[in-house]
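Undergrad: Numbering (our numbering), first residue to last: 6 to 132. Pasting in a structure now, in structure tokens, and then I'll have a few things to ask.
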Amino acid sequence: MVWIMSLVGLVILLLSGDLLVRGAVNLSLRLGLPALIVSLTIVAFGTSAPELLIAISAVDDGASGIAIGNVIGSNIANVLLVLGMPALLSTLDFSECDTRRDFYIMLGATVVFIALAATGQFGWWQG
6 MVWIMSLVGL VILLLSGDLL VRGAVNLSLR LGLPALIVSL TIVAFGTSAP ELLIAISAVD
66 DGASGIAIGN VIGSNIANVL LVLGMPALLS TLDFSECDTR RDFYIMLGAT VVFIALAATG
126 QFGWWQG
């Protein structure tokens with residue numbers, strides 16, 4: 006039964022993805038905007054909506070840790086998938102200057118996050 010439900014879910018996912026793309030293209034044509042801009046905006050909202058609903062539900066239930074974990078996990082997955090997949094599919098050229106700059110920015114962001122997380126609580130000003 007699980008296999009059947011998984012297969013049905015996959016088929017629905019594929020069909021709805023196709024409808025989403027067709028709808029985005031039609032909307033861009035009607036608005037006179039580039040299809041890429043409209044498509045990326047709609048897809049970005051569509052992929053972020055589940056995280057938003059989970060975070061709202063978790064905060065409503067008093068489980069703010071789940072909301073924070075959901076945001077962090079979603080960002081990690083987005084970075085690894087969105088940046089990792091193109092890197093696997095084609096070569097990327099970076100200068101040493103770019104790599105060094107990005108390293109220090111990521112190191113600084115990590116240090117700031119660790120410092121903020123060390124308190125065990127996140128205040129509104131840290132968001």
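Glycine included, every Cβ here is placed at the ideal spot set by N, Cα and C.
1) Using only alpha-carbon positions, find the residue among Leu25, Ala60, Ser62 that is nearest to Thr46.
2) Do the region 89-106 and the region 65-78 touch if we need at least three Cβ pairs shorter than 8 Å?
3) Ends of the alpha helix (DSSP H) at Phe99?
4) Quick one: grab the DSSP three-state call for Gly128.
5) So the alpha helix (DSSP H) Pro55 belongs to, where does it begin and stop?
6) Give the straight-line distance between the Cα atoms of Leu20 and Ser11, rounded to the nearest whole angstrom.
7) Could you check how far apart the C-beta atoms of Val43 and Ala29 are, in whole angstroms? I think they sit under 8 Å.
TA: In terms of the structure at hand:
1) Leu25
2) no
3) Taken as a continuous stretch (DSSP letters only), Phe99 belongs to no alpha helix (DSSP H), as it is neither H nor E.
4) Coil at Gly128, not helix or strand.
5) 40-65
6) 14 Å
7) Correct: roughly 5 Å between the Cβ atoms.
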